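To start, the structure itself, in structure tokens.
Residue numbers (our numbering): 1273 to 1565.
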């Protein structure tokens, strides 16, 4: 069965079957990314979910806009996504079908997470097209796989290490390393060291691909809840970046807000800004609005 036929069948079956579940919701979400390398992207999803305590399955529509100095591209299609909890393991998955230039793209992602004593493991596999106009035009697809491990060494102190490898159709493989150490002074005040390293085989013109990129950040955080409905978490602090040529100093801010307006409406938003003067900078934000019925 071809991907378009499979997705069509799923989009017809899932909404009908969803009514067998205990609860349903409609979610509208957006993801925006801008950087000073010339990439601007907007992704919109509208999803209907059927769910119960251990399962969540959704079907909906998706739109993506990518804009660069060389032009813009617009993609639209459908999506199927799901969540399943089995014992202490959580599974997630999503498949999209995007119409583009007389063909179909099928980005997909799978993930799992589990907690074992003081350890928490997360694994993921992703497939898609590298997110830039030139990469789409050159049809540069990729597969990515990896995971991370959280370890609570002692009470209030957790360290994290992670690694992902990306294989791309242009043979420019990439390694991504992440590290984190978080200490909680109280329930509200925290400190965090964060590291991210990227290694590409070579620098290519189709997308941002530094051969050597290291980012170190020392962040101070505040988290609190208000009226049992509004949750706020803020991280901010200095950041240092090395791109293989120059070291740049700046600031990194990460803000997350969750607002349960009433028993039906929920708004969840996040914004992260990396500001380092003449170095690589970006602003990333998401917002999701959910109505439960």
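Built from N, CA and C at the ideal position, the CB exists for glycine as well.
Remember, predicted model here, so these are calculated numbers, not experimental data.
Kindly say whether residue i, judged by its beta-carbon, lies nearer than 9 Å to any beta-carbon of chain C.
i	result
residue 1550	This model lacks chain C altogether, as it is built from one protein chain only.
Using the rule of at least 16 other Cβ atoms within 10 Å of the residue's Cβ for burial, across every protein chain shown, is residue i buried or exposed?
i	result
residue 1223	Residue coverage of the chain in this structure runs from 1273 to 1565, which leaves residue 1223 outside it and unanswerable.
residue 1299	buried
residue 1518	exposed
residue 1322	buried
residue 1546	buried
residue 1466	buried
residue 1477	exposed
residue 1485	buried
residue 1444	buried
residue 1369	buried
residue 1537	exposed
residue 1491	buried
residue 1367	buried
residue 1331	buried
residue 1549	exposed
residue 1472	buried
residue 1401	buried
residue 1513	buried
residue 1511	buried
residue 1425	exposed
Please state whether DSSP places residue i in a helix, a strand or coil.
i	result
residue 1407	helix
residue 1378	coil
residue 1472	strand
residue 1391	strand
residue 1397	strand
residue 1275	The predicted model places residue 1275 with a pLDDT of 48, which falls under 50 and marks its position as unreliable; any figure quoted below should be read in that light. Residue 1275 falls in the helix class under three-state DSSP.
residue 1565	coil
Who does residue i pair with in a DSSP beta bridge?
i	result
residue 1464	1454, 1491
residue 1559	1302, 1541
residue 1294	In DSSP, residue 1294 forms no bridge with anything.
residue 1421	1393, 1433
Considering only heavy atoms of the ligand NAD, does any lie closer than 8 Å to the CB of residue i?
i	result
residue 1444	The ligand NAD is absent from the structure shown, which contains no ligand whatsoever.
Inset, instruction - Spell out a yes or no on whether the stretch 1382-1397 and the stretch 1338-1357 are touching, meaning 3 or more CB-CB pairs, one atom from each, closer than 8 Å. - result: no
Legend entry - Three CB pairs or more closer than 8 Å across the stretch 1456-1465 and the stretch 1432-1441: no
Legend entry - Entirely enclosed beta strand (DSSP E) segments - the stretch 1302-1388, minimum 3 residues: 1312-1323, 1327-1340, 1343-1358, 1361-1372, 1375-1377, 1380-1388
Legend entry - Touching by the beta-carbon criterion (3+ pairs, under 8 Å), the stretch 1303-1316 and the stretch 1326-1340: yes
Inset, instruction - Mind listing, in chain order, the continuous beta strand (DSSP E) runs of no fewer than 3 residues lying wholly within the stretch 1476-1556? - result: 1485-1498, 1502-1514, 1519-1532, 1537-1547
Legend entry - Length at least 3, wholly inside the stretch 1429-1460: the beta strand (DSSP E) runs in chain order: 1429-1440, 1446-1456
Inset, instruction - Mind the definition here: the stretch 1521-1541 touches the stretch 1501-1512 only if three or more C-beta pairs lie below 8 Å; say whether that holds. - result: yes
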